[in-house]
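J.: Supplied in structure tokens, the structure appears directly below.
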Amino acid sequence: MTTWTPRCSGDPVADGWVALHQAESWASERMDPQTWDYVRGGAGNEVTLHDNLAAWSRHRLRPHVMTDVSSLDTSVSLFGEKRAHPILIAPTASHSRYHPDGERATLSGAAHAQAIATMSTLASLPVADIGAHAVDVNGRWWMQVYLQRDRSLTYDLLDQAVEAGAGALVVTVDTPSLGARDRDKRNPFGAPTGVTFPNVPAHTVEADSTPTHRRIWNPHLANNVTAADITDLTHRYQVPVLVKGILRPDDARRAVDAGASGVIVSNHGGRNLDTAPATAQVLSEIVAEVTGAVPVFVDGGIRRGTDIATALCLGASAVLIGRPIIWGLTTYGAAGVTHAVDILRTELEMAMALLGATAIEDLSGDLL
Ligand SMILES: Cc1cc2nc3c(=O)[nH]c(=O)nc-3n(C[C@H](O)[C@H](O)[C@H](O)COP(=O)(O)O)c2cc1C
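Residue numbering for the sequence shown follows my numbering, starting at 20 and increasing by one per position.
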């Protein structure tokens, strides 16, 4: 991407961006069809993609009234660190597809919104640059990990990431293969011109002689990740190691037994195994399995403050947001990232006031 200008006035507030979903169509108008397919798409018949959104609204919030809610506190403690609110930015690849500053803009916007930004292994910037920019903007970031087939390459990258200030490692375990993403398959094979993955050196990618229509494996994703890898990472690094992509209590337990400091309930935004359950559907049983041992995070289809309140009432410690951050980045750059988080935070505060919850700890199963 060479030329980028913000949408309309450049000020998302002045332009009337009041709810996250508005920016979805705005973003689609600014992306080429291939990029839009890549962002919006899910796997297979997109059952899980749609269910992720619908499942939050199948829960009902039952408010307490006659409570003094004149003071609201959204702060949470994550791994001993006090954060202003429980909204994090999920890892998504290749931010230079959406904005010329790529992950720099995301980090700036996240820092302004006091949100931790999780940076993908498939980011468009080297981790050293990500870390340096985070220092410049006083932002916090975590590093998402796609293990490489040659683990030494992953360890080299993570050594750099931790050195550069990554506050935690988020190991994605739900992607031994990509899902059957029809939209992407119909588009020209390979990454669009100008999209590079500087944290995964090209020479490490083995040639795949399988015809494209029969390919299952992605050369950037190891297909032999096990719990032993989690243990290895916890031994190598002092920062918390979280496991992303958990949909079952028994796998959450295995992750904790392997040494994970946290689990992220996620189906990869409906992009991998279609017909996998919506995260809102399985969250509480996973919380029940590991509660007290590690914090449980969740992502997938979170678009409203009431979705966040529901997630926290179901036992999540915090939530991650994927596509809406891309919509914000595409339309308003860093300001769009900030505004996306601000919308959610404001709606969460409203939901808390209406639920009679003055602090995050008050959001419990009692309110469902
Ligand atoms: C365009 C796109 C790229 C993504 N890239 C990654 C990635 O590099 N690593 C990863 O762990 N998850 C990736 N994800 C999944 C997100 O981290 C997250 O699980 C999901 O987007 C949450 O759902 P939501 O988009 O409905 O909020 C990606 C998702 C999208 C939409």
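For every residue, glycine included, the Cβ atom is placed at its ideal position computed from N, Cα and C.
CA-CA distance, residue 57 and residue 203?
T.: Distance between the alpha carbons of residue 57 and residue 203 is about 6 angstroms.
J.: Using only the alpha-carbon positions, how far apart do residue 379 and residue 328 sit?
T.: Rounded to the nearest angstrom, the two C-alpha atoms are 9 angstroms apart.
J.: Could you tell me the distance, in whole angstroms, from the CA atom of residue 73 to the CA atom of residue 308?
T.: So the alpha carbons of these two residues sit roughly 24 angstroms apart.
J.: Considering only residues of the segment 52-130, which uninterrupted beta strand (DSSP E) runs meet the minimum length of 3 residues and lie entirely inside it, listed in chain order?
T.: Listed in chain order, the complete beta strand (DSSP E) runs (minimum 3 residues) inside the segment 52-130 are 95-97, 100-102 and 106-108.
J.: Do residue 166 and residue 244 have their beta-carbon atoms positioned less than 8 angstroms apart in this structure?
T.: Taking 8 angstroms as the Cβ cut-off, residue 244 and residue 166 qualify as a contacting pair.
J.: If you compare alpha carbons, which of 251, 292, 291 and 304 is closest to residue 279?
T.: The shortest C-alpha separation from residue 279 is found at 251.
J.: Roughly how many angstroms lie between the CA atoms of residue 233 and residue 257, to the nearest whole one?
T.: Computed Cα separation, rounded: 41 angstroms.
J.: Just to confirm, does residue 340 get its C-beta within under 7 angstroms of one of the non-hydrogen atoms of ligand 1?
T.: True, at least one ligand heavy atom lies under 7 angstroms from that Cβ.
J.: With distances taken Cα to Cα, identify the nearest neighbour of residue 151 among 169, 133 and 185.
T.: That would be 185, whose Cα lies nearest to the Cα of residue 151.
J.: I believe residue 326 touches residue 45 by the beta-carbon criterion, under 8 angstroms. Please report the beta-carbon distance rounded to the nearest angstrom.
T.: No, residue 326 and residue 45 are not in contact; Cβ-Cβ is about 21 angstroms, not under 8 angstroms.
J.: In or out: residue 337 buried (at least 16 other Cβ within 10 Å) or exposed?
T.: Under this definition residue 337 is a buried residue.
J.: Are residue 146 and residue 264 closer than 8 angstroms when you measure CB to CB?
T.: Contact: no.
J.: Spatial neighbours of residue 85 within its chain, please: CB distance less than 8 angstroms, with the 5 preceding and 5 following residues excluded, ordered by chain position.
T.: Cβ neighbours of residue 85 beyond the five flanking positions: 375.
J.: So, is residue 358 buried or exposed, given that buried needs 16 or more other C-beta atoms within 10 angstroms?
T.: Buried, because 16 or more other Cβ atoms sit within 10 Å of the Cβ of residue 358.
J.: Confirm, please, whether the CB-CB distance from residue 219 to residue 113 is below 8 angstroms.
T.: Against a cut-off of 8 angstroms, the Cβ pair of residue 219 and residue 113 comes out as no contact.
J.: Ligand 1 and residue 114: does the residue's C-beta get closer than 7 angstroms to at least one heavy atom of that ligand?
T.: Answer for residue 114: no, Cβ out of range of ligand 1.
J.: On the three-state DSSP scale, how would you describe residue 138?
T.: Three-state result, residue 138: strand.
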